[in-house]
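Residue numbers (UniProt numbering): 1 to 80.
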């Protein structure tokens with residue numbers, strides 16, 4: 001069986017899941033589930049092979065993606 005690495009984060013009225021791609025699913029006021037794929041901040045994956053830089057880029061990417069996901073969920077639910 002192939003190993004699948006997936007992580008997640010709670011957002012307002014929904015969830016963000018991150019694997020090879022990052023997707024946010026949020027329930028709107030009408031009860032419909034709205035999804036959106038989020039692009040990562042680092043466009044060159046080869047940069048993640050540099051030892052010290054890898055940690056800094058991972059932190060930066062997590063902050064950017066998390067902020068985009070929370071912003072999208074706030075926009076959909078009308079809280080932003």
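Quick reminder that beta carbons are idealized off the backbone N, C-alpha and C, glycines included. Note that the structure is a prediction, hence the values are computed from the model and not measured.
8 angstroms Cβ cutoff met for residue i and residue j
| i | j | result |
| --- | --- | --- |
| residue 6 | residue 17 | yes |
| residue 23 | residue 37 | yes |
Status (buried if at least 16 other CB within 10 Å, exposed otherwise) for residue i
| i | result |
| --- | --- |
| residue 76 | buried |
| residue 72 | buried |
| residue 50 | exposed |
Own chain, CB closer than 6 angstroms to residue i, minus 5 neighbours either side, in chain order
| i | result |
| --- | --- |
| residue 13 | 26, 27 and 77 |
| residue 68 | 38 |
Residues near residue i by beta carbon distance below 8 angstroms, same chain, minus five either side
| i | result |
| --- | --- |
| residue 41 | 60, 61, 64 and 65 |
Cβ neighbours of residue i in the same chain (closer than 7 angstroms, five flanking residues each side left out)
| i | result |
| --- | --- |
| residue 79 | 12 |
| residue 54 | 48 |
Beta strand (DSSP E) segments (min. 3 residues) lying fully within the segment 3 to 64 = 7 to 11, 14 to 18, 22 to 27 and 33 to 38
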